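Asker: In this note's numbering, the protein residues as written are 237 to 532.
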Ligand SMILES: Cc1cc2nc3c(=O)[nH]c(=O)nc-3n(C[C@H](O)[C@H](O)[C@H](O)COP(=O)(O)OP(=O)(O)OC[C@H]3O[C@@H](n4cnc5c(N)ncnc54)[C@H](O)[C@@H]3O)c2cc1C
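1. Quick one: grab the DSSP three-state call for residue 384.
2. Considering only residues of the same chain and omitting the five flanking positions on each side of residue 377, which have a CB-CB separation below 7 Å?
3. Considering just the uninterrupted stretch of the beta strand (DSSP E) at residue 468, what are its terminal residues?
4. Note down, in chain order, each residue of its chain lying with its Cβ closer than 7 Å to the Cβ of residue 254, except the 5 sequence neighbours on either side.
5. If I'm right that residue 369 touches residue 409 with Cβ under 8 Å, what's the distance once you round it to whole angstroms?
6. Between the beta-carbon of residue 416 and the beta-carbon of residue 375, is there less than 8 Å?
7. For residue 423, which residues does DSSP report across the bridge?
8. Using C-beta distances below 7 Å, list every residue in its chain close to residue 342, excluding the 5 sequence neighbours before and after it, in chain order.
9. Given the structure, does residue 491 come close to ligand 1, in the sense that its CB is under 7 Å from one of the ligand's heavy atoms?
10. Assign residue 294 to buried or exposed, taking buried as 16 or more other Cβ atoms, counted over all protein chains shown, within 10 Å of its Cβ.
11. Could you tell me which residues DSSP puts in a beta bridge with residue 304?
12. Excluding sequence positions up to five away, which residues of its chain have a Cβ less than 6 Å from the Cβ of residue 360?
13. Quick check on DSSP: helix, strand or coil for residue 299?
14. Measure the C-alpha to C-alpha separation of residue 274 and residue 337 and round it to an integer number of angstroms.
15. Give every residue of the same chain whose Cβ lies closer than 7 Å to the Cβ of residue 383, excluding the five residues on either side of it in the sequence, and list them in chain order.
16. Quick one, which of 422, 406, 272 has its alpha-carbon nearest residue 317's?
17. Can residue 279 be considered in contact with ligand 1, in the sense that its beta carbon sits closer than 7 Å to one or more heavy atoms?
18. Roughly how many angstroms lie between the CA atoms of residue 302 and residue 365, to the nearest whole one?
19. Put residue 279 into one of helix, strand or coil per three-state DSSP.
20. In terms of DSSP beta bridges, what is residue 428 paired with?
21. Which residues in the same chain have their Cβ closer than 7 Å to the Cβ of residue 419, if we skip the five residues on either side of it in sequence?
22. Based on the DSSP output, what are the partners of residue 433 in its beta bridges?
23. At which residues does the alpha helix (DSSP H) containing residue 395 begin and terminate?
24. If you compare alpha carbons, which of 331, 300, 453 is closest to residue 311?
25. Can you give me the Cβ contacts of residue 479 inside the same chain, cut-off strictly under 7 Å, excluding the 5 residues immediately before and after it?
Written out as structure tokens, the structure is:
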């Protein structure tokens with residue numbers, strides 16, 4: 237019996253350590269992107285909450301790690317006239333600690349409070365999550381609700397990519413090989429109501445399905461509706477056409493129609509967390525709950 241146990245341990249759990257890689261500490265953003273451009277199979281490291289597990293599980297192999305952590309100029313939160321800028325190295329816990337974020341971006345706080353566990357929030361960053369582009373990421377989904385501006389730097393300069401253009405597929409983004417996220421700009425949504433509903437199998441886990449909602453109402457009539465889903469598609473998902481089709485309608489009278497429309501054209505993945513059809517059912521339920529609660 238012991239032999240069988242040890243064999244299983246060896247066969248399936250032998251990879252406790254990541255494969256060998258060279259480790260580079262840049263002195264500036266420029267040095268970081270220059271290195272990424274010059275060397276193949278190099279990856280930036282932020283909080284390591286996705287990168288290190290992927291290396292340990294051999295889902296990814298890299299030859300070089302470029303550690304962004306010494307670049308303290310990327311660790312900040314700043315409020316501008318109509319948007320909040322969050323530097324790429326700002327940890328989740330720092331975002332949650334920021335009273336200005338809690339006041340101006342309550343939806344972002346609501347979501348981040350439920351990302352992983354305390355260890356993940358102590359080290360993880362929003363930028364790392366966006367660059368990782370996990371289709372089940374709550375952080376990516378809420379960033380899509382804001383359609384935030386993702387600010388990047390590469391050897392050829394800076395650019396701004398809208399969240400809706402950033403996610404290209406599972407774990408795939410619009411970032412070039414030598415390009416890093418340096419900040420995210422979240423527009424301040426004034427006069428909106430917000431909600432976030434997440435279904436997980438275990439506390440601290442990625443969602444089976446989650447939805448972040450921002451809705452602007454005038455006398456109960458929808459002026460703007462934004463729904464961002466994690467876990468239902470190949471990328472974080474926003475049903476733009478469905479959202480648009482309910483503008484000018486009463487939210488109270490539209491909830492069931494919205495619930496049935498959002499699953500149209502969606503083909504959620506089947507995996508160990510749940511089957512495609514089950515995810516669709518959960519998608520309907522989280523949408524209904526989120527919208528009912530938002531009406532108060
Ligand atoms: C146990 C556990 C539970 C989790 N639960 C949730 C959850 O409930 N909801 C959720 O949304 N997420 C969840 N996560 C994911 C977590 O949010 C991400 O792992 C984390 O935010 C990634 O950020 P990081 O700074 O650790 O990135 P890293 O792990 O350092 O990097 C991730 C990827 O992004 C790249 N990268 C990092 N920073 C940059 C940058 N500035 N520019 C370009 N590329 C960059 C890296 O090269 C790597 O490919 C969970 C993770 C764990 C381990």
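Note that CB positions come from ideal geometry on N, CA and C, so glycine has one too. Note that the structure is a prediction, hence the values are computed from the model and not measured.
Answerer: The short version:
1. Reduced to three states, the DSSP call for residue 384 is coil.
2. If we look at residue 377 and ignore the five residues flanking it on each side, its Cβ neighbours are 446, 448, 464, 465, 466, 472.
3. Where residue 468 is concerned, there is no enclosing beta strand (DSSP E), given that its DSSP letter is neither H nor E.
4. Excluding positions up to five away in sequence, the list reads 288, 291, 292.
5. With 8 Å as the limit, residue 369 and residue 409 qualify as a contact, their Cβ atoms being about 5 Å apart.
6. Contact check for residue 416 against residue 375 fails: the beta carbons are separated by 8 Å or more.
7. Bridge partners of residue 423 according to DSSP: 319.
8. The residues are 430.
9. Residue 491: no, Cβ never under 7 Å from ligand 1.
10. Residue 294 is classed as exposed because its beta carbon has fewer than 16 other beta carbons within 10 Å across all chains shown.
11. Residue pairing of residue 304 in beta bridges, as defined by DSSP: absent, with no partner found.
12. Within the same chain, 283, 285, 328 come within 6 Å of residue 360 by CB-CB distance, once the 5 residues on both sides are set aside.
13. DSSP places residue 299 in coil when its eight states are reduced to three.
14. Taking the straight line from one Cα to the other gives about 37 Å.
15. Only 398, 399, 400 meet the Cβ criterion.
16. Minimum Cα distance to residue 317 is reached at 422.
17. Indeed, a heavy atom of ligand 1 lies less than 7 Å from the Cβ.
18. For residue 302 and residue 365, the distance between alpha carbons rounds to 17 Å.
19. In the displayed model, residue 279 falls within a strand according to three-state DSSP.
20. Partner(s): none; residue 428 has no beta bridge.
21. 321, 322, 323, 324, 387, listed in sequence order.
22. The partner list for residue 433 (beta bridge, DSSP) reads 447.
23. Looking at the DSSP string, residue 395 is not in any alpha helix (DSSP H); the run it does join, the beta strand (DSSP E), is 393-398.
24. Checked all of 331, 300, 453; the closest Cα to residue 311 is 331.
25. Here residue 479 has 461, 462, 463 as same chain residues with Cβ atoms under 7 Å from its own Cβ, once five neighbours each way along the sequence are excluded.
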